[in-house]
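Be aware that the sequence shown starts at 3, since it is given in this note's numbering, and climbs by one per residue.
From the three backbone atoms N, C-alpha and C, an ideal C-beta is built for every residue, glycine too.
The model shown is predicted, which means the values in this text are computed figures rather than measured ones.
For reference, the structure discussed in these notes is given below.
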Amino acid sequence: MKLIAPLVIGAVLVLPQVGAASGAAQNWASDAPAIWLTTYRQSIVCDGGVCAPVGDGVARVRINGDHFTVGSPVDLTVRRSDGTISTFTTTARTLPGFVAGAFSYESPEPGDCDGTADASVRARDVGSNRWSAEVPVSDACSTA
Numbered sequence: 003m004k005l006i007a008p009l010v011i012g013a014v015l016v017l018p019q020v021g022a023a024s025g026a027a028q029n030w031a032s033d034a035p036a037i038w039l040t041t042y043r044q045s046i047v048c049d050g051g052v053c054a055p056v057g058d059g060v061a062r063v064r065i066n067g068d069h070f071t072v073g074s075p076v077d078l079t080v081r082r083s084d085g086t087i088s089t090f091t092t093t094a095r096t097l098p099g100f101v102a103g104a105f106s107y108e109s110p111e112p113g114d115c116d117g118t119a120d121a122s123v124r125a126r127d128v129g130s131n132r133w134s135a136e137v138p139v140s141d142a143c144s145t146a
């Protein structure tokens with residue numbers, strides 16, 4: 003075992019990071035980007051005590067993710083069994099409670115939760131060219 007002597011600067015003691023502590027902070031880079039789905043509804047927006055309906059109230063998919071490169075674009079791909087592909091782009095950023103770069107993107111497509119199990123979502127971290135696993139859309143919609 004190699005011992006590392008502390009560096010004394012004035013009255014401040016600085017201990018260099020060694021072993022698992024420094025490696026653990028960087029392990030996220032080797033993990034695949036992770037995504038999961040939740041739902042949201044465009045419904046009512048209030049401003050200054052005045053509330054008005056917005057949108058149609060239909061459930062849509064919110065795509066969430068972490069383990070992405072902070073500041074990097076994230077390409078989101080929704081693939082349907084009929085061959086239709088929709089793409090969206092967002093940016094990963096630091097969010098409390100999430101590992102590395104994270105995002106939450108609200109899909110504008112009302113057909114996301116139309117009751118059919120014919121779509122899936124993947125995300126690509128443009129900064130590292132890493133892909134998330136494919137996630138079926140129907141799982142999120144069953145809770146809408």
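Item                                                                                                     : Value
Sequence-distant residues of its chain with Cβ nearer than 6 Å to ASN131 (five each side left out)       : none
Proximity to ASN66 [Cα-Cα], best of GLY50, GLY103, LEU39, ASP127                                         : LEU39
VAL128 (DSSP reduced to helix, strand or coil)                                                           : coil
Span of the beta strand (DSSP E) around GLY51                                                            : Careful: GLY51 lies outside any beta strand (DSSP E) and carries neither H nor E.
C-alpha gap between SER134 and THR92, whole angstroms                                                    : 15 Å
Between the CA atoms of VAL76 and GLY103 - distance to the nearest angstrom                              : 10 Å
Distance, THR89 Cα to ILE83 Cα                                                                           : Here residue 83 turns out to be Ser, not Ile, going by the sequence shown. Approximately 15 Å, taken between the alpha carbons.
VAL80, DSSP secondary structure in three states                                                          : strand
Cβ-based burial, PRO138 [other Cβ within 10 Å; buried from 16]                                           : exposed
In DSSP terms, what GLY67 is bridged to                                                                  : ILE37, PHE105
Collapsed DSSP secondary structure at ALA23 in the structure displayed                                   : In this prediction, ALA23 scores a pLDDT of 34, lower than 50, which makes its location untrustworthy; no coordinate-derived value is stated.
Cβ-based neighbour list, ARG124, same chain, cut-off 8 Å, excluding 5 preceding and 5 following          : ILE37, LEU78, THR79, ARG81, TRP133, SER134, ALA135, GLU136, VAL137
Buried versus exposed call for ASP33 [16 or more other C-beta atoms within 10 Å across all chains shown] : exposed
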